[in-house]
Amino acid sequence: MELNISRRNFLAGAAASVAGAAALGMAGCAPSEPQQMSDTGAGAEGAGTRWSWEVKPEPIADDQIVETLDTDICIVGLGSAGTTSAMAAAQSGAKVVVLQKLDKVITNGWCVAAFNSKMFLDAGQTYDLADIYFKFADLSNGRDNHKVVKTFLTRSGEVVDYVIRQTPDFTPVMLGSGHTYGWYINNDMATRYDQFHKLLDAIAEKAVAAGAEIRYNTPAVQLVQDESGHVTGVIGEGPDGYVKVNAAKGVILCTGDTSDDEEMLAAYCPIMLGVQSMHGAPCNTGDGHKMALWAGASMDPAPHTMMMHFDPTWMPEGNAPYSGIPWLRVNLNGERFGNENLGYQSHVTQVRFQPEMTAFQIIDKNWDKHAPKGDYKHPNSHSRSTADPANDWADALKRGAIIEANTLEELADKCGINKENFLATVKRYNELVDAGKDEDFGVDSTFMTYNGIKEAPFYALKRMPALLCTAGGLTINEKLEVLNEAGEPLGGLYAAGNASGSYYGDDYPLFITGGSHGRAWTFGVLAARSALGLMDESVETLGA
Numbered sequence: 001m002e003l004n005i006s007r008r009n010f011l012a013g014a015a016a017s018v019a020g021a022a023a024l025g026m027a028g029c030a031p032s033e034p035q036q037m038s039d040t041g042a043g044a045e046g047a048g049t050r051w052s053w054e055v056k057p058e059p060i061a062d063d064q065i066v067e068t069l070d071t072d073i074c075i076v077g078l079g080s081a082g083t084t085s086a087m088a089a090a091q092s093g094a095k096v097v098v099l100q101k102l103d104k105v106i107t108n109g110w111c112v113a114a115f116n117s118k119m120f121l122d123a124g125q126t127y128d129l130a131d132i133y134f135k136f137a138d139l140s141n142g143r144d145n146h147k148v149v150k151t152f153l154t155r156s157g158e159v160v161d162y163v164i165r166q167t168p169d170f171t172p173v174m175l176g177s178g179h180t181y182g183w184y185i186n187n188d189m190a191t192r193y194d195q196f197h198k199l200l201d202a203i204a205e206k207a208v209a210a211g212a213e214i215r216y217n218t219p220a221v222q223l224v225q226d227e228s229g230h231v232t233g234v235i236g237e238g239p240d241g242y243v244k245v246n247a248a249k250g251v252i253l254c255t256g257d258t259s260d261d262e263e264m265l266a267a268y269c270p271i272m273l274g275v276q277s278m279h280g281a282p283c284n285t286g287d288g289h290k291m292a293l294w295a296g297a298s299m300d301p302a303p304h305t306m307m308m309h310f311d312p313t314w315m316p317e318g319n320a321p322y323s324g325i326p327w328l329r330v331n332l333n334g335e336r337f338g339n340e341n342l343g344y345q346s347h348v349t350q351v352r353f354q355p356e357m358t359a360f361q362i363i364d365k366n367w368d369k370h371a372p373k374g375d376y377k378h379p380n381s382h383s384r385s386t387a388d389p390a391n392d393w394a395d396a397l398k399r400g401a402i403i404e405a406n407t408l409e410e411l412a413d414k415c416g417i418n419k420e421n422f423l424a425t426v427k428r429y430n431e432l433v434d435a436g437k438d439e440d441f442g443v444d445s446t447f448m449t450y451n452g453i454k455e456a457p458f459y460a461l462k463r464m465p466a467l468l469c470t471a472g473g474l475t476i477n478e479k480l481e482v483l484n485e486a487g488e489p490l491g492g493l494y495a496a497g498n499a500s501g502s503y504y505g506d507d508y509p510l511f512i513t514g515g516s517h518g519r520a521w522t523f524g525v526l527a528a529r530s531a532l533g534l535m536d537e538s539v540e541t542l543g544a
């Protein structure tokens, strides 16, 4: 993925985003509950509404429809959830139509979580699902629907095994988490993003081979309902005009998240306004969320789950290793701004609020004395040792992801950091290291014994947050049915992947590595089975 974004362009974009939020009436970063839908029609716009989607559009008239399709299942969106849903629906014997906004499969990411999947069980892995759920619920701030989360925990292994069987040309790699699969070319981890995209392409091809019809360049624009409010179909806008798809068994929304729509970010996840997106194509504009709201669905209340990380990075020099290590961190003012031994995501959030959303980890020549240890209070994949620390460090140094200098003054100049403040900060930090106690921010004294910045050469590792996605969405039940404001199934409407909610808390829980794609695959497949009345039947023999 090449973004080719300069620092200047990024800052201009960030400023424009914040200005856009202000124009929408944002007051600081305080989230607000969106209002109820206004009366249909343009005449209602501005009448007590705050957000554009609160005005329900006029129904598209029959005389505007240029083509009508009759099917069992209509899947909207063709990403991680949509591809697997289409394959499962078609292989279950259903007639399937997929409406895809762009001209190809779209995905971001590379790994998939599953519990009790065959390869891990055969390798001797065991799971305590009750304990895993406890950790998940604790990190979700009580906002998860336990029935929905347990559906993932108890069915993900079965579903991922099914997908693996259907894609024999793609051999998964078992990752060290004990529950995560990745897909590489020639065992080269650097190929993981490209290979995962190819894997989803293969799943889409498998769906077509089973009879699914995919309409590319045909974004869905409106759901169709009967007099009772039951969803009976969806209207897409193709190259030649509106296409109406009558879906006898159901419509499954796999339309991704809201993060490419600044107005929806302002409403549901304002903390990520102005943060540079990792999306190669700006297609995740909450289309499914909006259509469902117009149909009477309910949404997770704000704030929606954020997925805002240092790794992967959008910066052209690429990633530097060890973003989770508790080395000294300073902002562009040369100031230390927090406890460096918090959880990884807390670091990202801290940096998001620093000048120009920029921070630097600072360390001296002795980085390799403790970088590989990984025995940190909040260990994560971004602080553990890599397979070859010296080589990874040298590679990042060559790319410019690590900045080297023979003096602290030179390091400040190279990074654009306020030199006077920086030198004072390092002096104070070294005093705390010598004392063995962090009186300023309370970092564990264990790390203060070897994090001194005293011997040249000195290094700076630049960190800026990247927007991966938002992960809040339409409220659902354990059958993946979209719910109305009363908490009852709307009827005929299902959601999977980041179009669905009722799952995460304020931030994405990193202890389930690959949890986002694992949820997308699991709920994509199960939504199709649910719509067909097959939810409780195993997919173990599906597609055999």
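Taking UniProt numbering, the leading residue of the sequence shown gets 1, the next gets one more, and so forth.
Glycine included, every Cβ here is placed at the ideal spot set by N, Cα and C.
May I have the straight-line CA-CA distance separating residue i from residue j, to the nearest angstrom?
i: lysine 290; j: asparagine 451; result: 49 Å
i: threonine 258; j: lysine 454; result: 46 Å
i: aspartate 169; j: glycine 182; result: 14 Å
i: aspartate 444; j: glycine 436; result: 9 Å
i: alanine 61; j: glycine 238; result: 16 Å
i: lysine 56; j: threonine 84; result: 31 Å
i: aspartate 194; j: valine 539; result: 27 Å
i: proline 379; j: leucine 542; result: Because proline 379 carries a pLDDT of 48, less than 50, the predicted location of this residue cannot be relied on, and the following value inherits that uncertainty. Distance between the alpha carbons of proline 379 and leucine 542: 39 Å.
i: glycine 324; j: threonine 470; result: 22 Å
i: leucine 175; j: isoleucine 512; result: 12 Å
i: cysteine 269; j: glutamate 263; result: 10 Å
i: isoleucine 476; j: aspartate 311; result: 30 Å
i: arginine 143; j: histidine 347; result: 22 Å
i: glutamate 488; j: glycine 77; result: 24 Å
i: leucine 534; j: glutamine 91; result: 12 Å
i: isoleucine 214; j: threonine 68; result: 14 Å
i: aspartate 413; j: glycine 472; result: 41 Å
i: phenylalanine 136; j: arginine 192; result: 26 Å
i: glycine 157; j: phenylalanine 447; result: 38 Å
i: tyrosine 184; j: proline 172; result: 8 Å
i: threonine 167; j: aspartate 440; result: 54 Å
i: glutamate 537; j: glutamine 276; result: 42 Å
i: alanine 130; j: arginine 155; result: 14 Å
i: lysine 95; j: proline 59; result: 26 Å
When you compare the CB positions of residue i and residue j, do they come within less than 9 Å of one another, or not?
i: arginine 529; j: tyrosine 503; result: no
i: cysteine 254; j: glycine 442; result: no
i: asparagine 141; j: glycine 501; result: no
i: glutamate 99; j: valine 224; result: Note that residue 99 is leucine in the sequence shown, not glutamate. Against a cut-off of 9 Å, the Cβ pair of valine 224 and leucine 99 comes out as no contact.
i: proline 355; j: aspartate 368; result: no
i: threonine 232; j: glycine 514; result: no
i: asparagine 217; j: aspartate 395; result: no
i: alanine 210; j: glycine 236; result: no
i: alanine 247; j: valine 97; result: yes
i: alanine 405; j: alanine 456; result: yes
i: glutamate 317; j: arginine 399; result: yes
i: threonine 313; j: alanine 460; result: no
i: valine 112; j: histidine 517; result: yes
i: glycine 491; j: histidine 230; result: yes
i: methionine 308; j: leucine 468; result: yes
Grab me the residues of residue i's own chain with a C-beta within less than 8 Å of its C-beta, minus the 5 sequence neighbours each way, in chain order.
i: leucine 408; result: Phe422, Leu423, Val426, Ile453, Phe458
i: threonine 358; result: Asn331, Leu332, Val351, Lys462, Arg463, Met464
i: glycine 43; result: Any answer about glycine 43 is weak, because its pLDDT of 35 lies below 50 and its placement is not dependable; what the coordinates show is given next. Excluding positions up to five away in sequence, the list is empty.
i: proline 509; result: Lys135, Phe136, Leu139, Ser140, Gly515
i: glutamine 125; result: Gly178, His179
i: proline 303; result: Pro31, Tyr268, Cys269, Pro270, Ile271, Gly472, Asp506
Tell me which residues share the same chain as residue i and place their Cβ nearer than 6 Å to its Cβ, disregarding the 5 neighbours each side in the sequence.
i: isoleucine 65; result: Tyr242, Lys244
i: tryptophan 393; result: none
For residue i, which residues from the same chain have a beta carbon less than 7 Å from its beta carbon, with the 5 sequence-adjacent residues on both sides left out?
i: aspartate 507; result: Thr305, Met306, Gln345
i: residue 547; result: Summary: the structure shown does not reach residue 547, with the chain confined to residues 1 through 544, and so no result is reported for it.
i: aspartate 261; result: Thr285, Gly286
i: tryptophan 327; result: Glu340, Gln361, Ile362, Ile363, Asn451
i: aspartate 201; result: Val105
i: alanine 123; result: Met174
i: tyrosine 429; result: Leu328, Arg336, Ile453
Could you name the residues that DSSP lists as bridge partners for residue i?
i: valine 208; result: Valine 208 pairs with nothing; no bridge assigned.
i: alanine 90; result: None; alanine 90 has no bridge partner.
i: tyrosine 181; result: Val112, Met174
i: glutamate 409; result: DSSP lists no partner for glutamate 409.
i: residue 605; result: Any property of residue 605 remains undetermined from this structure, which presents the chain solely from 1 to 544.
i: aspartate 188; result: Ile185
> Are the segment 407-427 and the segment 331-351 touching by the rule of at least three beta carbon pairs closer than 8 Å?
Replying inline: yes
> Are the segment 522-537 and the segment 272-286 touching, with three or more C-beta to C-beta distances below 8 Å?
Replying inline: no
> Hey, is the segment 152-165 in contact with the segment 117-128, meaning 3+ C-beta pairs nearer than 8 Å?
Replying inline: yes
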